[in-house]
Every structure is written in C-alpha cells, then in structure tokens.
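Numbering follows our numbering, in which position 37 of the sequence shown is assigned residue number 299; successive positions increment by one, without gaps.
Where is the CB? At the ideal position from N, CA and C, for every residue including glycine.
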Amino acid sequence: MKKVISLLLLAALLTSAAACGSDSGTNDTTSSDGTTDTSAPEETEPEEKLDLPSDLNYNGYVFRILSRPSPDIEQVYVEEQTGDVLADSVYKRNIAVEDKLGIKFEVAQSSSSWETDALNSILAGEDAYDAVATAARAAFVYAKSNAVMNWYDVDNLDLTKSWWSQDAAENLAINHKLYAMVGDITYATLGASVGMVFNKGLLDDYQLAYPYDLVDSGDWTFDVFADYAKNFSQDLNGDGEMNISDDLFGYGSNHWLGSIEALYCTGERIITVNNDGYPELTLYKEDVVNIYDKFMKLLLSECGWNQLGGDDHQQAFCDGRMGFVDLNISHLSNSFFRDAEIEFGLVPWPKSEKSVDKYYSFVDAGHTMWVIPVTNQDQARTGAVLETMAYYGQKMIIPAYYDVTLQNKYLSDERSVDMLDYIREGAIFDLGYYNNTQFGGGLANPGYDLVHDTKLTFTTLYNKNEQAVKTLIDKSMERYLE
C-alpha cells in the first residue's frame, strides 16, 4: 500500500517535468491514437484522521519531555527555524501540536544517550516529566523498574493508526502491557532501519538489471541477491590477496548490520510473545538455520567482506569497489555517501524466501523509544499530546526525512521513494534484541557472534545458550508478573 508520503515525494521529484505541461486547467484524456481514455481514476484510501475531541485545550500547559542529548534531541525539539529541511519540520510539527492543543513544550536533555536519568525521580514519586524519549534498550530498564505506564491503558492514544508502529505495538508487550512505543513521532525509526545500496555502474558493466522490479514482484530474495554479488570479485592490485582498501567485492557488511538482518529477513524473531503475554524463545527455526548458512558462505567467500567494526566497507562502496553494501538509512547522510562519485540505488534487504510476507528491516537498538512515567498526573492529556505529535510527525517530519535522504544527487531517482516505503513498512521489533539483558541474553545478537567466530555454527551457538536464555526469561518475568 502506497502512503501519501510516497505521492508527495514522487511529486517533488517530478516537479520539473510537470512544469512543462499544459496550463489550460483541463486534463487531456486523449491518447496518441486519438481515442479517449475512459478508465476510472485509481482509487485511493481515505486519509486517516486524528480522532481526538475537537475542543481539547490545555490552556497553556507546559508539556515536559526528557530527551537524550544532541544529536538525538533534534529529533524531538528544535528552538527555531534555521532553513534546514529536517530540523524545520520538527519545529513546525511542534508548533502545530502546541497550537492545536493549547500547550507549550519544555524539553530537557539527559546526561547521556543511554537515558535513565528520570528513573530515580520517578521511583521517588516525583512528577518531573510527562514523557521520556530514551534509548530503545534503556526503555526496558524503566519497564522492569515498574516506572512507566502501559500504553494500552492511556486514553487518547490509538495505536492502530498508521503513525504508530503496528509491529512494535504487537510484539514489544510483556504480560499484555506495552511499556515503550515508537512510530512517526520522530524520524528515528526510519533512520535506524536497515536497507541496502547497489552500484549502478557496476551492474551496468555486467549487464545486470537494477533489482527494483524484483523487489516489486516479491522476488528479491537472498539467493537472487547472492547471485548478483558473486559477479564482483577482483584482485585489482594483483598482490594475490583480497583487501578492502584496494580490491573489488560484491558485498560487504558491518558486524551490526547484515549479520543481524539475516535473522529478521526470515520474518522470525528471537522472542515471540504468546497469547498469554509470556515471552517465548522462538529463534531456532529451519529457515533461520538456512539463512545463516547462506549468509556466512557469501560473507566469507572471495566476493564478500566481513567488516568487524568501522565503515571501511562503505567507503569502498563509495569509491566504486563494491557491488552491494547494507546500511542504516541514516548512513546516507554520511559525508562519503554524499561525496561519492558513483551512482547508486536503494533497495530493501532481500527476503530469505519469496514466501516471506514482506521485506523486514530490523531497527537498530540505538534509536529512540518513548515511555510515560507512572508519576504522570494526567495520562489522558499525555496521550493526546503524543498522539498529535505522531500524527503531525507523519504529515510533516517523515516527508522531510524522505526529502533529505533523497537529496543525494546520485540517489534521487523516483524508484528510491518506493524502496523507502518497503523499508519503512517492514520495520520489525523483537523483545529478544531490544530487551537483551532480560530476555535475549546470549542469543540477543546471534549474527554478531557468528561473524566474530567464523568457525562457530548457528546450531552450536543456539545449543550453547538455549537453556540459559530460557532461565533468564523466567527469572525476568517474575518481576513483570508481580
């Protein structure tokens, strides 16, 4: 389903072409052969509305947010317009919320990006903040301490709306309580999502089609991707060794990217919450075993580069010596992507098999999630503010983020808008990955362990940690069941 965002961005990309059209104010429906086009216009879904009482007015209430420090705070609040497209969208969103609800924002910075500064004040019973924008994994420190509210119980929140992540709402709950949430309230979720870029010039040289149509048809699978990547492997300097600083590779990945995404491209999770609200270890599945076998074979082949920290592989891609590289979408703002002298395209990470229902993209645990302190004195007001922030975030901030991402002169083709849609719609959330100290344990990052110990198999890793993780889950749940 194409979002309004896609239509807005596609229109922006095609503005110059549209300027060449007729200014008569009428639509010409006559085809080149003189016949008239009588086909019905394409139907579009009705726009979602903000379902809040129209007369809500909080009479100048100061809505207090604790946010992670810079640069994360800029996702939440900026003091004034500067001409920066993304920052200005955050500013305008906040003004729109203030005007609609009759509030004023007051945003404080925490002492570190791992944000638990509000915890002591909450446990002391102080009503210091209405909402906290914290690190994803830190959110569950608040949860385990019984310091934050259940989002399901907050009035004026409608978590079924598209401006909230449906996957997070369904899969991050513990004992039927949702302690943290994400969505279009900031651009953090999209920025931390995983995608993949490809070198158009290399594909042209090898007479390979750009994979956009494969993505659209659902045929962009790991096997197809691997066949593409295997075309590119060359010892360019002739020293008999494959080195990231000199030679040509088909695919390169950092230990926090492809190795993690390999799990989620199957649609599986480390932890699945059962119908009773209890987290279960569900990692060991045949499709997960198979994909890690394929992934490691590709990564360790002559066409693959296993980047154990750093970004040399992304630099090699931008230098024109790599066919494919995966990244967080926010990486496209890095200088070497902006300064790259190659044309490249964006696609989602491939599915493990065509039968997987979508292109899942894991969202890095370093991004921002929102919690509501239990000391909050008016949960309905907080619900209204957060709902309105997310609604206007979808209207203002997400289109601006698309625009900024697509500003790269070598990426700005109309298909990139579609590809961002797939990535955004495939965002996947897993308690085992996010709540690593309470539920994931030794299996919270299986791919990371495999690329660091390449003699280790997935089955061996799982068997080594299975019982300890199950014990950890049961122990952690004692607190949530109190």
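Using DSSP bridges, identify the partner residues of residue i.
i: F586; result: F460, Y513
i: L608; result: V459
i: T716; result: Partner(s): none; T716 has no beta bridge.
i: Q496; result: L510
i: F624; result: I690
Less than 7 Å between the beta carbons of residue i and residue j, yes or no?
i: S329; j: V338; result: yes
i: Y621; j: P635; result: no
i: G514; j: V587; result: yes
i: G607; j: K492; result: no
i: L545; j: L705; result: yes
i: D446; j: I660; result: yes
i: N437; j: G539; result: yes
i: W425; j: Y684; result: no
i: Y320; j: R643; result: yes
i: Y742; j: L452; result: no
i: G655; j: R399; result: no
i: D711; j: L723; result: yes
Over the uninterrupted alpha helix (DSSP H) stretch that includes residue i, give me the two end residues.
i: D381; result: Sequence check: residue 381 is Leu here, not Asp. Counting along the chain, the alpha helix (DSSP H) containing L381 begins and ends at 381 to 385.
i: E548; result: 548 to 561
i: A730; result: 720 to 742
i: T534; result: It is not in any alpha helix (DSSP H) - T534 instead sits in the beta strand (DSSP E) that spans 533 to 535.
i: G694; result: 693 to 696
What distance in whole Å lies between the Cβ atoms of residue j and residue i, which are believed to be in contact at a cut-off of 8 Å?
i: L734; j: F701; result: 7 Å
i: F720; j: V551; result: 6 Å
i: V647; j: T528; result: So it is not a contact: roughly 38 Å between Cβ atoms.
i: D392; j: I327; result: 7 Å
Which word fits residue i, buried or exposed, when buried means at least 16 other C-beta atoms lie within 10 angstroms of its C-beta?
i: S479; result: exposed
i: V324; result: exposed
i: E377; result: buried
i: T448; result: buried
i: V416; result: buried
i: P333; result: exposed
i: H593; result: buried
i: K737; result: exposed
i: P308; result: exposed
i: T291; result: Because the pLDDT at T291 is just 35, under 50, the model does not fix this residue reliably, and the value given afterwards should be weighed accordingly. Looking at its Cβ environment, which holds fewer than 16 other Cβ atoms inside 10 Å, T291 is exposed.
i: D299; result: Only weak support is given to the placement of D299: the predicted model assigns it a pLDDT of 44, under 50, and the question is left unresolved by the model.
i: G703; result: buried
i: A730; result: exposed
i: N727; result: buried
i: T288; result: Residue confidence for T288 is low, a pLDDT of 33 falling below 50, so the modelled location carries little weight; the figure read from the coordinates is stated next. Exposed is the call here.
i: E744; result: exposed
i: T422; result: exposed
i: D313; result: exposed
i: Y468; result: exposed
i: V444; result: buried
Please list the terminal residues of the continuous beta strand (DSSP E) segment that includes residue i.
i: F367; result: 365 to 371
i: S329; result: 323 to 329
i: P541; result: 541 to 543
Taking CB distances under 7 Å as the criterion, tell me whether residue i reaches chain D.
i: L440; result: Absent from the structure is chain D; it holds one protein chain and no more.
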